[in-house]
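Report on the structure given below.
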Amino acid sequence: MYHAGDPSLFGVVIMTENRLGADRRMTNTGTTRPTTHRDGGQRPGEVWGEATSAFNRWLEGESAGLDDLVAVMTPVLWHVVRAYRLPQEAAEDVVQTTWLALVRRRASIADPAAVGGWLTTTARREAWRVSGASSKTMPVADEDLAPRLPDQKSAESIAVEHDTKHRLWAAVEGLPERCRRLLRVVAFENRPDYARLATDLDMPVGSIGPTRGRCLAKLRVALAQTGEF
Amino acid sequence: MSEMSRESLLEVVRRVYEEQDPPAEDLVPRMQAAAAFADSDLDLELMLLVERSTELVGARGGTAYTLRFVHGETDLLLRVAVEGELSRVDGWIVPPEPMTVRAIPGEQPRSHDTLVSDGGRFVLTDLPVGQIQIRLEPHDLERPAFATPTFDL
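So the protein lines, in turn, are chains G and W. Residue numbers for the first sequence follow this note's numbering, so the first one is 34 and each next one is one higher. Residue numbers for the second sequence follow this note's numbering, so the first one is 46 and each next one is one higher.
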């Protein structure tokens, strides 16, 4: 699905960041990226706007609107659901249940601008339910993720090859699990509901903000240690 | 070392996961098919019309009548009031359950949607006269969606 076609994007982001220096934070990385492709790589703001317009077209009776809404939001839902440690098939089932719920409950979405948030919230609720149900029979879901992850050896060897993409992956992958899950949800969602996140991650609601800050700080340090920054 | 902003850090997180754990290539078309199927009338179960009252002519020339449909344990009572080119449908679902009600006029692509109240009531106003179908879509995804046969308002 990822076909931004430019692994160099990481490099662009990083170089721009370095040029701007420590005190002038980058505010518009989006300008370095094509905006036409829809599956992956969009800034969340673009995704939500497209989702709303597609939802409206569907409500107006245009079935292509539903197709477009599914195309725009399915990758976002996938990433949010995968943060719940669900194996591929279970994660896909949760995404599908979310779409069936949208079709069945469309009339309960009073504000079309909120359709993106409605979808991610519904998906997280379902993922939480399914992961809770399955954790009794599947104590460790991490092995399901393992085939997709680079192992330590390959991460090291790739680091030697100065492969920026894999260094970034290793930096993210090296974070504590709770940080990885929280940051993945926050990165793909527009404005995640902290109360819900707190329940899902088994944390007090007041600690989500500070934890996110600490996780971002850890990531900042980890990225710095890659030598790329 | 340069300080990365929150947004650029989250951008890295997004990029990393898009690269390392993307959805399956065919996930979008599969989800499009599933959503389109749920949105279609292909798996609708039909309700049975069991009663229709005689038409009552109101004082101001409008007409009203009642219809009763059943499907399994669910009863759907409709009171249809026609006034000129438009009609109003008051519905009552027994036993009540959370549902989306969609009135689909014969020739229009756009449906008239509403929710069932806790007491099982719903109202659809400004429906065009002519052929119409009422679909009931339970919010409980385990339950099938069902619909009345097409009838004339």
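Quick reminder that beta carbons are idealized off the backbone N, C-alpha and C, glycines included. On a predicted model such as this, the values are computed, not experimentally measured, just so you know.
Where do the ends of the beta strand (DSSP E) carrying residue i lie?
i, result
"W:Met49", "W:Met49 -> no beta strand (DSSP E), and no H or E assigned at all."
Who does residue i pair with in a DSSP beta bridge?
i, result
"W:Trp137", "W:Leu122, W:Arg166"
"W:Asp158", "W:Arg147"
"W:Ala96", "As written in the sequence, residue 96 of chain W is Glu, which differs from the Ala given in the question. W:Glu96 pairs with W:Arg113."
"W:Leu172", "W:Ser132"
"W:Phe196", "W:Ile177"
"W:Glu182", "W:Thr145"
"W:Leu101", "W:Ala109"
"W:Leu91", "W:Ala192"
"W:Val127", "W:Thr108, W:Ser132"
Assuming residue i is part of the alpha helix (DSSP H), what are its boundary residues?
i, result
"W:Ala190", "W:Ala190 -> no alpha helix (DSSP H), and no H or E assigned at all."
"G:Glu210", "210-221"
"G:Glu125", "121-138"
"G:Arg115", "96-115"
"G:Glu206", "197-206"
"W:Met76", "72-84"
"G:Pro243", "241-258"
"G:Ala228", "227-234"
Could you check how far apart the C-beta atoms of residue i and residue j are, in whole angstroms? I think they sit under 8 angstroms.
i, j, result
"G:Gln253", "W:Met49", "According to the sequence provided, residue 253 of chain G is Arg. The question's Gln does not apply to it. Confirmed, Cβ separation roughly 6 angstroms."
"G:Leu201", "W:Val61", "5 angstroms"
"G:Tyr117", "G:Ser164", "5 angstroms"
"G:Gln124", "G:Trp132", "The amino acid occupying residue 124 of chain G in the given sequence is Ala; Gln does not appear at that position. In fact, because the Cβ distance is near 13 angstroms, the residues do not count as touching under 8 angstroms."
Excluding sequence positions up to five away, which residues of its chain have a Cβ less than 8 angstroms from the Cβ of residue i?
i, result
"W:Glu130", "Pro173, Val174"
"G:Pro145", "Thr85, Phe88, Asn89, Leu92"
"W:Thr195", "Gly151, Gln176, Ile177, Gln178"
"W:Met46", "No answer about W:Met46 holds up, because its pLDDT of 40 lies below 50 and its placement is not dependable."
Apart from the five residues just before and just after residue i, which ones in its own chain have a Cβ nearer than 6 angstroms to its Cβ?
i, result
"G:Leu99", "Trp91"
"W:Leu93", "Val115"
"G:Thr259", "Arg200, Ala204"
"G:Ala255", "Ala204, Gly207"
"G:Ala134", "Thr155"
"W:Trp137", "Leu122, Gly165, Arg166"
"G:Met106", "Ala84, Leu152"
Enumerate in chain order the residues of its own chain whose CB-to-CB distance from residue i is below 7 angstroms, with the five nearest sequence positions on each side excluded.
i, result
"W:Ala78", "none"
"W:Leu198", "Val125, Val127, Ser132, Leu172, Val174, Gly175, Ile177"
"W:Thr170", "Arg133"
"G:Asn223", "Pro77, Trp81, Gly149, Gly150"
**Q.** Residues from the segment 154-174 of chain W in contact with chain G, defined by Cβ distance under 7 angstroms
**A.** Listed by position, the residues of the segment 154-174 of chain W near chain G (Cβ gap below 7 angstroms) are Pro154, Arg155, Asp158, Thr159, Leu160.
(Q) If the cut-off is 9 angstroms on Cβ atoms, which residues from the segment 52-70 of chain W count as contacting chain G, listed in chain order? (A) For the segment 52-70 of chain W, residues whose beta-carbon sits nearer than 9 angstroms to a beta-carbon of chain G comprise Glu52, Ser53, Leu54, Leu55, Glu56, Val57, Val58, Arg59, Arg60, Val61, Tyr62, Glu63, Glu64, Gln65, Asp66, Pro67, Pro68, Ala69, Glu70.
Q.
Output needed in chain order: residues of the segment 121-144 of chain G with a Cβ under 8 angstroms from some Cβ in chain W.
A. Residues Gln121, Glu125, Val128, Gln129, Thr130, Trp132, Leu133, Ala134, Leu135, Val136, Arg137, Arg138, Arg139, Ala140, Ser141.
Q. Got a sec: which bits of the segment 73-91 of chain W sit with their beta carbon under 7 angstroms from any beta carbon on chain G, in order along the chain?
A. Cβ contacts with chain G: Val73, Met76, Gln77, Ala79, Ala80, Ala81, Ala83, Asp84.
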